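Residue numbers (our numbering), protein chains in the order written: chain A, 605 to 710; chain B, 5 to 134; chain C, 1206 to 1343.
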Amino acid sequence: MYDYLNHIQRQLEQRNIKPKLQQFRYLLIQPGEIYYELKAYNELLFLIKPDQLPIGTRIVSESRARVIPSDVTQIEGIEDYSGLVSIKLPVAPTEQKTIEFIQITL
Amino acid sequence: MKNHKFQQIRVQVKASGDSVRFSADTDKQFARVRGIHISMPSEQTLVGTTLGLKINGQEVFDDAHEMRMITCGNQVAPNNKFFLFEEFIEAGGSAIEGRVTDGGTSPAGAFPYDAKIYLWLVNDEPKPKE
Amino acid sequence: MTTKIRYSIIRVEVGSVGEIVEISHKLPAHLKVCTGFIARHTKGLELPIDQPEIGLLALEFNSRKQLLINDVIGYQASVQEIPDYQKVNIPLESGQLVTGYFMDTEQVDAALFQPYLISIYLRCEMEVNTKVEKCTTT
């Protein structure tokens, strides 16, 4: 499995970002709810397991926007989001689920 | 001494999507090119059409530069029609080279048309940058 | 006299409603600073009236070191004044990437939507080498 923490650390060095704190952050997906917002001002949220989200989920933030593609399980790359992060699921979920992020506070 | 001249360069575009090279010389009685304005036969011919321009060997706009970025509509006052150059662009007989590329959005009946490029030539000193 | 201003143009093609297009554009190494930007619809859409918003734009400079631009792109039905650049002052590291995204925000009526092109103009100034080699013979 790809070493995500090593990748994140290297990327932050390349981008001249000195983190104040690195920790996990969780988003609880509720049955019947399709839209979520996370505040990540002066932060970076790295979505480390995008395959936890259904295909077609739209994630929009200040720095990056993405739609979870159909071949998400074959993709190793992880992406970061910042500012107001909105997540819109294509269909309402039927059960609870936890989505994991690595949060970098700047 | 004459202070202003509006030099016209006409470029004929014959068909949709055509890319036409042109060349000219600036009037040698004027020291600098202060601004540029382009007149097209209709707004539709302006859509997606680009102008590349080199004056005196210096690139002013590359070939992908839309005309719409450097021209305006009919309702703009004549005094505000020209895109003004911030830097000193030398005239004085310098060579002009350019390329007009039609945006490919005009109906067949629009062709052929003339793109008219107006260069505002002056002998004034450029104002210092703010 | 050498001119310093160069325009770097980024083209973004939007093919479908709601599409998100990633931007990754390498600036030429000789550009030293970005002094202005403007982003606009180039061609594709033909709407009867102005539309204040057709999409959102985000741009990061210097290979993701700074997120400096978030903008709303609209549609102008007719040609009006000469577009004015938004003044910025962004020092550029040599030959680095401008990254970001453009997202169509589904504001255009589905019946009128057509694939379109967005152009982002960065007005930059280049490094001008004005040094004169000193004569070494004595």
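Glycine included, C-beta positions come from ideal geometry on N, C-alpha and C. Here the structure is a predicted model, which is why all the values come from computation and not from measurement.
- Identification of chain B residues near isoleucine 1214 of chain C by a Cβ-Cβ cut-off of 8 Å yields Asp66, Ala68, His69, ordered along the chain.
- Judged by their CB atoms, arginine 36 of chain B and phenylalanine 86 of chain B are not nearer to each other than the 9 Å cut-off.
- By the Cβ neighbour-count rule, alanine 19 of chain B is exposed, with fewer than 16 other Cβ atoms within 10 Å of its own.
- Taking CB atoms only, valine 664 of chain A has a neighbour in chain C less than 9 Å away.
- Only those residues of the stretch 42-55 of chain B whose C-beta falls short of 8 Å from the nearest C-beta of chain C are listed: Glu47, Leu50, Val51, Gly52.
- Partner residues in the beta bridge of asparagine 1275 of chain C, as assigned by DSSP, are C:Ala1263.
- Within its own chain, the residues whose Cβ lies closer than 7 Å to the Cβ of threonine 49 of chain B, once the five positions on either side in sequence are excluded, are Ser110, Ala114, Tyr117, listed in chain order.
- Sequence-ordered contacts of the stretch 86-100 of chain B with chain C read Phe87, Glu90, Glu91, Phe92, Ile93, Glu94 [C-beta pairs closer than 7 Å].
- Secondary structure note for isoleucine 612 of chain A: its alpha helix (DSSP H) is the uninterrupted segment 608-618.
- Under the three-state reduction of DSSP output, aspartate 1255 of chain C falls in the coil class, being neither helix nor strand.
- At least 9 Å separates the beta-carbon of arginine 662 of chain A from that of isoleucine 682 of chain A.
- Within chain C, the residues whose beta carbon sits less than 8 Å from that of serine 667 of chain A are Ala1263, Glu1265, Leu1272, Gly1305, listed in sequence order.
- Closer than 7 Å at the C-beta level to chain B, one finds these residues of the stretch 1279-1307 of chain C: Ser1283, Val1284, Gln1285, Glu1286, Ile1287, Pro1288.
- Taking 9 Å as the CB threshold, lysine 1231 of chain C stays off the interface with chain B.
- Counting C-beta pairs with one atom in each stretch, the stretch 1223-1233 of chain C and the stretch 60-72 of chain B have fewer than three that are closer than 8 Å, which means they do not touch.
- For aspartate 66 of chain B, the secondary structure class from DSSP, reduced to helix, strand or coil, is coil.
- Per the DSSP secondary-structure output, serine 27 of chain B pairs in a beta bridge with B:Glu101.
- The continuous stretches of alpha helix (DSSP H) do not include glutamate 647 of chain A, which lies in the beta strand (DSSP E) extending over residues 639-651.
- Classified as exposed, isoleucine 679 of chain A has fewer than 16 neighbouring CB atoms from the shown chains inside 10 Å of its CB.
- Secondary structure at asparagine 1294 of chain C: strand, using DSSP grouped into helix, strand and coil.
- Counting only residues of its own chain and dropping the five nearest sequence neighbours on each side, glycine 52 of chain B has a CB closer than 6 Å to the CB of Gly107, Thr109.
- Between glutamate 1330 of chain C and leucine 642 of chain A, the alpha-carbon positions lie close to 38 Å from each other.
- In the DSSP assignment, glutamate 1311 of chain C falls outside any beta strand (DSSP E), carrying neither H nor E.
- Three or more beta-carbon pairs separated by less than 8 Å link the stretch 1253-1266 of chain C to the stretch 1274-1285 of chain C, which places the two stretches in contact.
- DSSP places leucine 693 of chain A outside both helix and strand once states are collapsed to three, so it counts as coil.
- Membership of glutamine 79 of chain B in any alpha helix (DSSP H) is not indicated, and neither H nor E is assigned to it by DSSP.
- Beta-bridge partners of serine 1213 of chain C (DSSP): C:Leu1327.
- A check of alpha carbon separations from leucine 55 of chain B across B:Glu90, B:Val104, B:Ala95, B:His8 identifies B:Val104 as the nearest.
- Comparing C-alpha distances from valine 1284 of chain C to each of B:Leu57, B:Leu88, B:Glu47, B:Asn127 shows the shortest one belongs to B:Glu47.
- Counting the other CB atoms within 10 Å of its CB gives glycine 97 of chain B a total below 16, which places it among the exposed residues.
- In the displayed model, aspartate 684 of chain A falls within a strand according to three-state DSSP.
- The residue among A:Lys701, A:Val695, A:Gly687, A:Leu693 with its C-alpha nearest the C-alpha of phenylalanine 650 of chain A is A:Gly687.
- Annotation for leucine 125 of chain B: the continuous beta strand (DSSP E) segment containing it runs 117-126.
- Listed along chain C, no residue sits closer than 7 Å to threonine 30 of chain B by beta-carbon distance, the nearest being about 15 Å off.
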